[in-house]
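Take a look at the structure below.
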Amino acid sequence: MLDLQPGEPVVLEHRRDHAYVKVGRGCGLILADGTRCGLSKNAVEHHGFPPSINLFGSGANRWAYQDIKQRWMDRFEELLNASGLERGHGRVLVEGEWTFPRRPAKGGRFGPDQGNYRGPTEKPFGDALERGGWIAGDYWLAYQFGEATYRYEKDVAMLRLVVFPMPAETFE
Ligand SMILES: [Zn+2]
36 MLDLQPGEPV VLEHRRDHAY VKVGRGCGLI LADGTRCGLS KNAVEHHGFP PSINLFGSGA
96 NRWAYQDIKQ RWMDRFEELL NASGLERGHG RVLVEGEWTF PRRPAKGGRF GPDQGNYRGP
156 TEKPFGDALE RGGWIAGDYW LAYQFGEATY RYEKDVAMLR LVVFPMPAET FE
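In the numbering used here, the protein residues as written are 36 to 207.
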């Protein structure tokens, strides 16, 4: 059955644990318990949000793209499960807020390009919504990504997503 009344929105938050430390194989950061992090550079623990599409250049690095997309799909599904969002919505609207850990470089007063970040988050999030049964499919009428907001906070890399359950829409 379709959910005809909008439900309560849920807020999901992913925060970078620490920046990747390039020493030897895997992250070289020494953790509080004295062990080495050891995780891959692509691990979600090393990122506040999926990396810019610029990372993949002109489609040259397909393996890296699939690896990163899969990791974020899993992470988003984990966050959705923890949020308690009901499954089986006819449609959801999602809004996002990206927090960047550094100000744009000197002279680069314009900062990051929204489209470069939006797509790499929008796609795996839609796939997670579909895979977990929150929506029937990540097609346009069931899944819309709305506002994408930029935020800066020193040394914090973080993504907040708000999921608004909406009444189902159908083609005329
Ligand atoms: Zn690490």
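Built from N, CA and C at the ideal position, the CB exists for glycine as well.
None of the values given here were measured: they were computed from a predicted structure.
Expressed to the nearest angstrom, what Euclidean distance is found between the alpha-carbon atoms of residue i and residue j?
| i | j | result |
| --- | --- | --- |
| Glu112 | Gly59 | 31 Å |
| Met193 | Gly161 | 19 Å |
| Ile65 | Asp52 | 13 Å |
| Tyr100 | Gly125 | 29 Å |
| Trp98 | Gly42 | 38 Å |
| Ala140 | Asp102 | 29 Å |
So, using beta-carbon positions, are residue i and residue j closer together than 8 Å?
| i | j | result |
| --- | --- | --- |
| Val45 | Glu130 | no |
| His81 | Leu90 | no |
| Gly172 | Gly123 | no |
| Phe199 | Leu128 | yes |
| Gly146 | Tyr178 | no |
Which residues in the same chain as residue i place their Cβ atom closer than 6 Å to its Cβ, once the five residues preceding and following it in sequence are excluded?
| i | result |
| --- | --- |
| Leu47 | Leu114, Ser118, Leu196 |
| Tyr55 | Cys62, Lys76, His81 |
| Glu157 | Phe180 |
CB-CB under 8 Å to residue i, same chain, minus the five flanking residues each way: which ones, in chain order?
| i | result |
| --- | --- |
| Arg166 | Met108, Glu112 |
| Val191 | Arg50, Arg51, Gly83, Thr134, Pro136 |
Could you give the first and the last residue of the continuous beta strand (DSSP E) run that contains residue i?
| i | result |
| --- | --- |
| Leu90 | First-last for Leu90: undefined, no H or E at that position. |
| Val45 | 45 to 50 |
| Thr184 | 178 to 187 |
| Arg71 | Premise fails: Arg71 is in no beta strand (DSSP E) and is neither H nor E. |
| Leu26 | The requested residue 26 does not occur in the structure, where the chain is confined to residues 36 to 207. |
Along the chain, where does the alpha helix (DSSP H) that runs through residue i open and close?
| i | result |
| --- | --- |
| Arg138 | Run containing Arg138: none; DSSP gives neither H nor E here. |
| Arg122 | No alpha helix (DSSP H) holds Arg122; DSSP gives it neither H nor E. |
| Pro159 | 149 to 166 |
Spatial neighbours of residue i within its chain, please: C-beta separation below 7 Å, excluding the five flanking residues on both sides.
| i | result |
| --- | --- |
| Tyr152 | Phe84, Ser87, Trp133 |
| Pro9 | Since the first residue of the chain shown is 36 and the last is 207, residue 9 is not available in this structure. |
| Gly154 | Ile88 |
| Glu204 | Arg126, Leu176 |
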